[in-house]
Every structure is written in structure tokens, then in C-alpha cells.
Amino acid sequence: MKYLFILGRNHELSIAEIEEYLDKIENPIKKLTQVNNGLLVEVENPLLENTITYLGGTISIGEILTSGTEKLIFEKLDKIMIYLGENNKLTYTLWDFSEIGELTKEYLKQRFKEEKLKATFKGLTGKIKNQEGEKDEKPSSKLIEEEYFIFQEEGIEYFGKITEKCDYESIENRDMNKPVRRESLAISPRLAKILINLAKLKTGDKLLDPFCGVGGIMQEALLQNMTALGVDNDGDAIKGAQKNLEWFGFSPESYELIHFDSTKVSISPVTAVATEPDLGNILKKIPTKGMAENTLKDFEKLIVQVINNVKKMVEGRIVFTSPYIRIGKKRLSCNIENICERTGYHEVRESLPEFRENQVVGRMIYVLEKN
Ligand SMILES: C[S@@+](CC[C@H](N)C(=O)[O-])C[C@H]1O[C@@H](n2cnc3c(N)ncnc32)[C@H](O)[C@@H]1O
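In the working numbering, the protein residues as written are 49 to 419.
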């Protein structure tokens, strides 16, 4: 079974999340092929319905309608229904991850004409700058009804259609409307979902967020029918988290909030940790190397103390973000070997950077397991 995933702006992070998500739901990946922001994923079993809602780093998911060599693909397309809608009017676009994009576009135009459809092609003229600083294409308008794609992998062309789209707007709106928001400290729902997947947390599992703030990561875990334990040493943050989680309507038995210092708190057993600790002072100006190193040292000390304090109660992974500080053209991150050595954990995949070009403090994401 092959599917197309359209990746978000941080391709590496989006792919890592897809790998961990599929692994945790026991749908083994047989093959991955990436072309720009398109990822063709071969899995053993069909994807679950609404897979998109579990992923923070994927823009949309598509199903293959037919496949064949460059010579055969149009003959094969002749044999299938392409447009299944009821209107005789549609707007459509084509994601092109092949060398026959123009031919496919022409084919669709001709085909819709023959079928007497009033079909309007809209190009992928919207651009987003990805983490590598290159530009990814995206649909220019939300009014596009049908998104087709053509993807080439080892001489075979795969033609298909986007079937699930991430409704970013409603996710962000939902997040904006919650009663307590702390703009500068809050994590986005998308990144929260990514951390949850990297931690391999599943429905029914229990999340620990030892730096829970107003509950951004807890909220995403609870929405996926997990339970959650949040700790924060700031009483106002805990009150904010309580208000937010009540506003979402989660049952009080599904979560617990503790106002305490995570380096000393005692907790009940949890499945895994996904968290965003303080990333140091929110620096607007580029700091000196010395300042950056001090922030990172403080961070290391705090995370080591917290891990050592909670690890007996944590069954699985510990996933956390850490400061990734720009000094000049370079960025500095914390000393993960040192953190691992002092806690008895190891990295299970390479650290994942997440930042915007002009951001002084970005994030480096670490995924750890017990030795
Ligand atoms: C970046 S914020 C977390 C934001 C959170 N993910 C959210 O979406 O709201 C970090 C939080 O860690 C808390 N914190 C810092 N040191 C702590 C400690 N030693 N124990 C517990 N909480 C701590 C701060 O009060 C702050 O609320």
C-alpha cells in the first residue's frame, strides 16, 4: 500500500514524525521516497481513517489511483474515473513530483473537456520557505476542490488524489480561543503533536509534561484519548492549565496537575515524557557566545535533574525541546552526550532542529530512551 504525504516546512522533522507514528501503530514502513515536499510511503497495511489528525508535520495525505511506466500511465488513466464529484464544475490542481507534470496537466485538461466538466486548473503558486531555506509549493487557494498528484519512483509513475487535508486553521483557532494563552511561552498544537508522536505515546497511554505551562502538550494528548500528568513550578501556569483543560471539556479523571518543582516532585507511573522546558530568556538580540553557553549550561543542569528525579516512574521515551541559539551564523545546542551520560539515557534518533531563519532561539529536539 502506497500513500503520498505532503510534508510541512521542516521536512526532516515531518518524516521523523511519520516514521515514529507508523511504527507506534504497528504499520511497518516498507519504503520511503522523498521528492521535495512529497514523500511516497509504502506501508504494510492501509492507513487508519483520519490519519492526518494525529500528525503535526503533515499538510495532506493522498491515495494512489493508478500507477504505471511513463509510457503506460496515460493509458491506465483512461481506464479509471478521475473525478468522482457530483457537480459538473470543479477547480483542481496538480502536485508534481515527476518529470511528466506538464503532460499530466495536459491530459487532465483534455480528459475533463471530454467529460464535459467545467474544470478550472489552479497552479500551486503559494510558496512556503522550508527549514532548508528553499521554497516549497502549496495550493494558492483554499477553494481548490480536487488536488491530484503525480509521483515518480524508480521509473514508475504514481497518479493519485489528496484525500485528507490538515485543517490548520481550525486547529490554530481552537488554540487561540482557549481561556489562558501565553504567546511567548506556548508551544503550537502542531509541534505538540509531533513531540507526542516522537515519544510514541498512544491512545490510553499516560503523558508526563514536567514543564506543562498552560497545558499545550497535555491538551493534544488528551484530545487523542490519552491521560496526562502536568507539573509546573509556576502557580499561575497551573491555574491556567486547569482553566484550559476544563474549557476543552476533558474529564477530570483524565488529567492531573501538580504545582511543584519538577526536580523534586514525586509522581505516579507514566508511559513517556514529551515536554518543552524553559528555553532560557527569550532573547531578541543575538547573544554573545558566553551568554549562549551559560543559557545552555543552565538548561543542561535543569533537564538532568528533572530526568533523574522522574526516570524511575517513566516507562518509555523522554522527548524534549532545548534551546538552539544563534550566535553569528552558527547555532549552539546543548551537550546531549553529557545529558545522556548523567541520566543513563541514549538518543534513539539524531537530534532534530526546528527554527526559523531570523529566530534567535530555535529548538533542538531530542528523543531519548533508557540504556
Ligand atoms: C516553555 S514553558 C512550557 C510551555 C508549555 N508547553 C505550554 O504550551 O504552555 C516552560 C514552563 O516550565 C516551567 N518551569 C521552569 N522550571 C521548572 C521546574 N524546575 N519545575 C517545574 N516547572 C518549571 C515554567 O514555569 C514554564 O511554565
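We treat Cβ as the ideally placed atom computed from N, Cα and C, and that holds for glycine. The structure displayed is predicted, hence computed values, not measured ones.
Contact defined as beta carbons within less than 8 Å: I believe residue i pairs with residue j. What is the distance between those atoms, to the nearest angstrom?
i	j	result
Ile375	Ile413	Wrong, their Cβ atoms sit about 20 Å apart, outside the cutoff.
Lys226	Ile100	Not really, about 22 Å apart at Cβ, beyond 8 Å.
Ala322	Val362	Ala322 to Val362, Cβ: 11 Å. No contact.
Val318	Lys254	5 Å
Ile77	Glu67	6 Å
Asp184	Asn84	7 Å
Thr211	Gly338	In fact, because the Cβ distance is near 52 Å, the residues do not count as touching under 8 Å.
Can you list, in chain order, the residues of its chain whose CB lies under 7 Å from that of residue i, leaving out five sequence neighbours each side?
i	result
Pro401	Tyr372, Gly410, Met412
Asn356	Thr391
Ile387	Glu348, Ile351, Val352
Lys79	Glu90
Ile384	Glu395, Ser399, Tyr414
According to DSSP, which residues form a beta bridge with residue i?
i	result
Leu142	Tyr196
Gln82	Leu87
Ala320	Leu255
Glu205	Gly116, Gln200
Ser6	Outside the displayed range of the chain (49 to 419) lies residue 6, so it cannot be described from this structure.
Ser108	Ile54, Lys213
Ile375	Lys378
Thr173	Partner(s): none; Thr173 has no beta bridge.
Asp280	His307
Glu417	His394
Thr168	Thr139
Pro401	Met412
Glu185	Lys175
Thr275	Lys254
Val362	Val318
Ile77	Val91
Near residue i, what residues of its chain come up, given a Cβ to Cβ distance below 6 Å and the 5 sequence neighbours on each side ignored?
i	result
Tyr196	Leu142, Lys209
Asp223	Pro237
Ala247	Ala320, Ala322, Arg365, Val367
Glu417	Arg365, Val396
Glu304	Leu277
Ser399	Met412, Tyr414
His394	Cys388, Asn419
Phe160	Ala167
Asn281	Asp309
Counting only the same chain and skipping the five closest in sequence on each side, list residues whose C-beta sits under 8 Å from that of residue i.
i	result
Glu148	Note on identity: in this sequence residue 148 is Ile, with Glu being the wrong assignment. Closer than 8 Å at Cβ, skipping near neighbours: Glu118, Ile121, Ile198, Gln200, Glu205.
Ala285	Arg230, Cys260, Gly261, Val262
Glu163	Tyr131
Asn245	Glu65, Glu68, Tyr69, Lys72, Tyr102, Leu103, Gly104
Glu405	Lys177, Gly181
Does the beta-carbon distance from residue i to residue j come in below 8 Å?
i	j	result
Asn273	Gly252	yes
Leu61	Val91	no
Leu249	Ala269	yes
Pro187	Leu165	no
Ile128	Leu113	yes
Gly86	Leu125	no
Gly98	Met49	Reading off the sequence, residue 98 comes out as Asn, not Gly. No.
Ile63	Tyr140	no
Thr275	Glu324	no
Lys332	Val408	yes
Lys157	Phe145	no
Val358	Ile315	yes
Cys382	Leu344	yes
Ile219	Leu243	no
Phe207	Ser299	no
>> Could you check whether the segment 122-142 touches the segment 103-112, counting it as contact only if at least three pairs of C-beta atoms, one from each stretch, sit closer than 8 Å?
In response: no
> With contact counted as at least three CB pairs below 8 Å, one residue from each stretch, are the segment 377-388 and the segment 286-306 in contact?
Replying inline: no
>> Any contact between the segment 178-191 and the segment 52-60? By contact I mean 3 or more CB pairs, one from each, below 8 Å.
In response: yes
> Does the count of Cβ pairs from the segment 300-316 and the segment 257-268 closer than 8 Å reach three?
Replying inline: yes
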